[in-house]
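Inspection log for the structure reproduced underneath, given as structure tokens.
2 protein chains.
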Amino acid sequence: MRKVAIIGVGMTEFGEHWDKSFRDLTAEAGVRAMEDANLAGTKIDALYGGTMAAGRLIGQEHITALIADHMGLNPIPATRVEAACASGGVALRQGYMAVASGIHDIVVVGGAEKMTDVPVNDAAAALGGAGDQEWELFLGATFPALYALMARRHMVEYGTTEEQMAAVAVKNHLNASMNKYAHFQSKVSIETVMKSKVVSDPLKLFDCSPISDGAAAVILAPLEMARQFTDTPVEILASAQASDTLALSSRKSLTELRATKVAARKAFEQAKLAPADIDACEVHDCFTIAEIMAVEDIGFFPKGAGGKATAEGETAIGAKIPINTSGGLKGCGHPVGATGVKQAVEIAWQLRGEAENGRQVKGAEIGMTHNVGGSGATCVIHVMKRAD
Amino acid sequence: MRKVAIIGVGMTEFGEHWDKSFRDLTAEAGVRAMEDANLAGTKIDALYGGTMAAGRLIGQEHITALIADHMGLNPIPATRVEAACASGGVALRQGYMAVASGIHDIVVVGGAEKMTDVPVNDAAAALGGAGDQEWELFLGATFPALYALMARRHMVEYGTTEEQMAAVAVKNHLNASMNKYAHFQSKVSIETVMKSKVVSDPLKLFDCSPISDGAAAVILAPLEMARQFTDTPVEILASAQASDTLALSSRKSLTELRATKVAARKAFEQAKLAPADIDACEVHDCFTIAEIMAVEDIGFFPKGAGGKATAEGETAIGAKIPINTSGGLKGCGHPVGATGVKQAVEIAWQLRGEAENGRQVKGAEIGMTHNVGGSGATCVIHVMKRAD
Numbered sequence: 001m002r003k004v005a006i007i008g009v010g011m012t013e014f015g016e017h018w019d020k021s022f023r024d025l026t027a028e029a030g031v032r033a034m035e036d037a038n039l040a041g042t043k044i045d046a047l048y049g050g051t052m053a054a055g056r057l058i059g060q061e062h063i064t065a066l067i068a069d070h071m072g073l074n075p076i077p078a079t080r081v082e083a084a085c086a087s088g089g090v091a092l093r094q095g096y097m098a099v100a101s102g103i104h105d106i107v108v109v110g111g112a113e114k115m116t117d118v119p120v121n122d123a124a125a126a127l128g129g130a131g132d133q134e135w136e137l138f139l140g141a142t143f144p145a146l147y148a149l150m151a152r153r154h155m156v157e158y159g160t161t162e163e164q165m166a167a168v169a170v171k172n173h174l175n176a177s178m179n180k181y182a183h184f185q186s187k188v189s190i191e192t193v194m195k196s197k198v199v200s201d202p203l204k205l206f207d208c209s210p211i212s213d214g215a216a217a218v219i220l221a222p223l224e225m226a227r228q229f230t231d232t233p234v235e236i237l238a239s240a241q242a243s244d245t246l247a248l249s250s251r252k253s254l255t256e257l258r259a260t261k262v263a264a265r266k267a268f269e270q271a272k273l274a275p276a277d278i279d280a281c282e283v284h285d286c287f288t289i290a291e292i293m294a295v296e297d298i299g300f301f302p303k304g305a306g307g308k309a310t311a312e313g314e315t316a317i318g319a320k321i322p323i324n325t326s327g328g329l330k331g332c333g334h335p336v337g338a339t340g341v342k343q344a345v346e347i348a349w350q351l352r353g354e355a356e357n358g359r360q361v362k363g364a365e366i367g368m369t370h371n372v373g374g375s376g377a378t379c380v381i382h383v384m385k386r387a388d
Numbered sequence: 389m390r391k392v393a394i395i396g397v398g399m400t401e402f403g404e405h406w407d408k409s410f411r412d413l414t415a416e417a418g419v420r421a422m423e424d425a426n427l428a429g430t431k432i433d434a435l436y437g438g439t440m441a442a443g444r445l446i447g448q449e450h451i452t453a454l455i456a457d458h459m460g461l462n463p464i465p466a467t468r469v470e471a472a473c474a475s476g477g478v479a480l481r482q483g484y485m486a487v488a489s490g491i492h493d494i495v496v497v498g499g500a501e502k503m504t505d506v507p508v509n510d511a512a513a514a515l516g517g518a519g520d521q522e523w524e525l526f527l528g529a530t531f532p533a534l535y536a537l538m539a540r541r542h543m544v545e546y547g548t549t550e551e552q553m554a555a556v557a558v559k560n561h562l563n564a565s566m567n568k569y570a571h572f573q574s575k576v577s578i579e580t581v582m583k584s585k586v587v588s589d590p591l592k593l594f595d596c597s598p599i600s601d602g603a604a605a606v607i608l609a610p611l612e613m614a615r616q617f618t619d620t621p622v623e624i625l626a627s628a629q630a631s632d633t634l635a636l637s638s639r640k641s642l643t644e645l646r647a648t649k650v651a652a653r654k655a656f657e658q659a660k661l662a663p664a665d666i667d668a669c670e671v672h673d674c675f676t677i678a679e680i681m682a683v684e685d686i687g688f689f690p691k692g693a694g695g696k697a698t699a700e701g702e703t704a705i706g707a708k709i710p711i712n713t714s715g716g717l718k719g720c721g722h723p724v725g726a727t728g729v730k731q732a733v734e735i736a737w738q739l740r741g742e743a744e745n746g747r748q749v750k751g752a753e754i755g756m757t758h759n760v761g762g763s764g765a766t767c768v769i770h771v772m773k774r775a776d
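Top line first, the protein sequences correspond to chains C and B.
Using the working numbering, count along the first sequence one by one with no gaps and you end on 388.
Using the working numbering, count along the second sequence one by one with no gaps and you end on 776.
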């Protein structure tokens, strides 16, 4: 297998784009990535796209054919993958495999979601399709409800507090305030989070990631070709994916995501690295409790210690392990299919030393992305390194 | 890259399965494929699944996580791909790439669609998402309407007749009557087709494939490992995919599918073969005109000669090039995501000499599948050979 590098990245601002269509968003992100890689479209051999619910959100399936068409990339193969909120990360993994295998050289991986074209309740119902429709959603268990169950159990087992969860939101809003692409640009206080409206007890509005529009793109090439396009290639050291039960009721534990643990173990094995080697990590904080579980399940902190570590600032920029420098899903926004690709964009910027406005992790050499689908039925992890 | 073989196949009966859920159908096909390969689930390294519109048809996305869960395959990577009616073929291509690359050894590829849980108009609207929602469907151009435009233009340019199109349906119903898995089990006459209700002039009811439920699965392994599982491995000689514009209005020609031509050319190059080498081919006959265009665009007949060749029996079993021995989409049924995988199942049976009830192509050694998404924006082609 060949080594694979990211040679270009780009994204749209995340937010409520009333004036832009799905087509517009994907083109904007794609063109920025192509400009970043100094690459003409004619050089691209294949396209992978991650989007979750375009069928329900914009009435359109066959979504990568649409993107290839709109970007003038025909007749290259264009393949959509879907794994709920992990769609972007899984698309990145397919692109990685296509290049690693030698089947394709230059591959563009996009992620996008246009969520504000339908009423918010319809968007929430579409998102519910990421969990178990027959055994959960049909009975009323929406996503906030499922993560609220996990949060409550984490509080019971480990003494995690609502203030510790709020600290995740405070940190991620702070990071987002330094990211011009972020949905939210303002800082929040612990008090603001704690006083916000209850969505599903103990989760409050500021514990939840927003519904956003947006797109992100990365361009992959064999590492040996990468310097034809960029002086700062980012090598993908590992790409790992794992699955777990769709319904929470089938799981042995509510306080860990098995798919995260399996994917992280495989990724560290492939990269021949350990959690302590990671300089910056984007984790899947669809809810604040999700970030706390992620930093434990990946192995940055012992089980049960994630809340305390966050509240004590250990996941801030400049501290032990900077988590979600982009602002994460909570602060940067969560256009579902775009998120996994955006994570790779942010880590590429960090490893290239190009993260702006004070959020650069000094000397970052190795980074990681952690993208989760649904309530944890899919997890995909990538480990990346600034190429020598 | 490693050589890849199909070591097991299985499918459900296609039809209206009022008593079976999406879960039931995928499990049935998967278990049959595993039994065919004498394989325990614990040996499977990854799952790829093709399904088009589960979000709209059963309210469920994240569909391969559901399958992996229901089949007890966790925590292996489970990845859904979607390319409208080509979802199954594209899933097969991703599985092929995963094995060819050396990343995974044993990979199960499934395709499924449960279409009868919603009213037929909702299913038709969901299918419309395979074309261009903004530029076609929104203006009233459903799938039958788009293919009717192609049919009319083919009639104008090449003198193709409605009776020639009807001959496709007659042949495919005949073949389906020899396939116990087929949605339709009865033969039809030219007169029946010609007198059936007009759906979108010149296409009549019997020119159209039906809305079906069903699932199909194939299991892949490196060719060098294949005989551990089966005495009759089927080697995948080529896997090629191409894209075209989503909307018909953007195309130079209405009487050919460019994606088919590009994918076929690439597939023949990779396999080092020509159309005359193919002993049996499953093509994407969502409408009768689609089969006529396919046999021309692949290169079995000159452009414009497909209708005449069909009417003269050249695509029947035992004739020049047997097309759609399974009954095709028209006769065997079209559970959208399942179709591309079912094509591979049928070709595997043909190459293993196991096609039943009189539909076996004598001495078939090389076969081909041709799976189209939407009105031709995606095409994926596989060439297969009975392994020596």
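Each residue gets a CB set at the ideal place from its N, CA and C atoms; glycine is no exception.
8 Å Cβ cutoff, B/THR658 in contact with chain C: Going by the sequence as given, residue 658 of chain B is Gln instead of Thr. Taking Cβ atoms only, chain C never reaches closer than 8 Å to B/GLN658, which makes this a no.
Inside the segment 502–551 of chain B only - alpha helix (DSSP H) runs reaching at least 4 residues: DSSP runs (the alpha helix (DSSP H)) wholly in the segment 502–551 of chain B: 508–516, 531–546.
Per DSSP, the bridge partner or partners of C/TYR48: C/THR79, C/VAL109
Residue-level contact to chain C via CB, B/GLN629, 8 Å cutoff: With a threshold of 8 Å between beta carbons, B/GLN629 makes contact with chain C.
Min CB distance C/GLY59 to chain B below 8 Å: yes
Top-ranked residue by Cα proximity to B/GLY418, from B/LEU461, B/PRO590, B/ASN560, B/ALA564: B/LEU461
Chain B contact for C/MET71 (CB, 8 Å cutoff): no
Alpha carbon of C/PRO144 to alpha carbon of B/GLU550, nearest angstrom: If you draw a straight line from the Cα of C/PRO144 to the Cα of B/GLU550, it comes to about 55 Å.
Beta-carbon proximity check, B/ASN759 vs B/HIS672, cutoff 8 Å: yes
Contacts of C/ARG56 in chain B (Cβ-Cβ under 7 Å): GLY443, ARG444
Beta carbon proximity, B/VAL497 to chain C, threshold 8 Å: no
For C/PHE138 and C/SER253, the rounded distance between their alpha carbons: 22 Å
Three-state secondary structure (DSSP) of B/ILE610: With the sequence shown as reference, residue 610 of chain B is identified as Pro, and Ile is not the correct amino acid for it. Here B/PRO610 sits in strand by DSSP.
Cutoff 8 Å: B/ASP632 Cβ touching any chain C Cβ: yes
Cutoff 8 Å: B/MET613 Cβ touching any chain C Cβ: no
For B/GLU786, the three-state DSSP class (helix, strand or coil): This structure gives no information on residue 786 of chain B, because the portion of chain B shown stretches from 389 to 776.
Straight-line gap, B/GLY751 to B/ALA732 (C-alpha atoms, nearest Å): Going by C-alpha positions, B/GLY751 is about 18 Å away from B/ALA732.
Endpoints, the beta strand (DSSP E) within which B/ILE769 is located: Looking at the DSSP string, the run of the beta strand (DSSP E) that includes B/ILE769 is 766–774.
For C/PHE287: DSSP bridge partner residues: C/CYS208
Neighbour flag for C/HIS62 against chain B, beta carbons, 8 Å: yes
8 Å Cβ cutoff, B/MET389 in contact with chain C: yes
Beta-carbon spacing of C/MET384, C/ILE219 below 8 Å: no
Beta carbon proximity, B/GLY490 to chain C, threshold 8 Å: Yes, contact with chain C.
Neighbouring residues, chain B, relative to C/ASN74 (Cβ below 9 Å): ALA630, SER631, ASP632, THR633, ARG646, ALA647, VAL650, ALA765
Cross-strand partners of C/ALA215 (DSSP beta bridge): C/ALA112
Straight-line gap, B/GLU700 to B/PRO690 (C-alpha atoms, nearest Å): If you draw a straight line from the Cα of B/GLU700 to the Cα of B/PRO690, it is about 15 Å long.
Beta-carbon proximity list for C/VAL380, same chain, < 6 Å, skipping 5 on both sides: ALA86, GLY89, VAL90, ARG93, GLN241, ASN371
Three CB pairs or more closer than 8 Å across the segment 538–545 of chain B and the segment 704–724 of chain B: no
Residue burial classification, C/LYS272 (beta-carbon count within 10 angstroms, cutoff 16): exposed
Among C/VAL9, C/HIS17, C/VAL4, the one whose alpha carbon lies nearest that of C/GLY333: C/HIS17
Cβ-Cβ distance between B/ALA647 and B/GLY741 below 8 Å: no
Candidates B/PHE410, B/PRO590, B/ALA626, of which the one nearest B/ALA441 by Cα: B/PHE410
Presumed contact (8 Å Cβ cut-off) between B/PRO621 and B/ALA488, rounded CB distance: With a Cβ gap of about 15 Å, B/PRO621 and B/ALA488 do not count as contacting.
C-beta atoms of B/LEU427 and B/GLY396 nearer than 8 Å: yes
Span of the beta strand (DSSP E), counted from its first residue to its last, around B/HIS758: Here the beta strand (DSSP E) through B/HIS758 covers 754–761.
Classification of C/GLY15 by the beta-carbon crowding that lies within 10 angstroms, buried from 16 upward: That one is buried.
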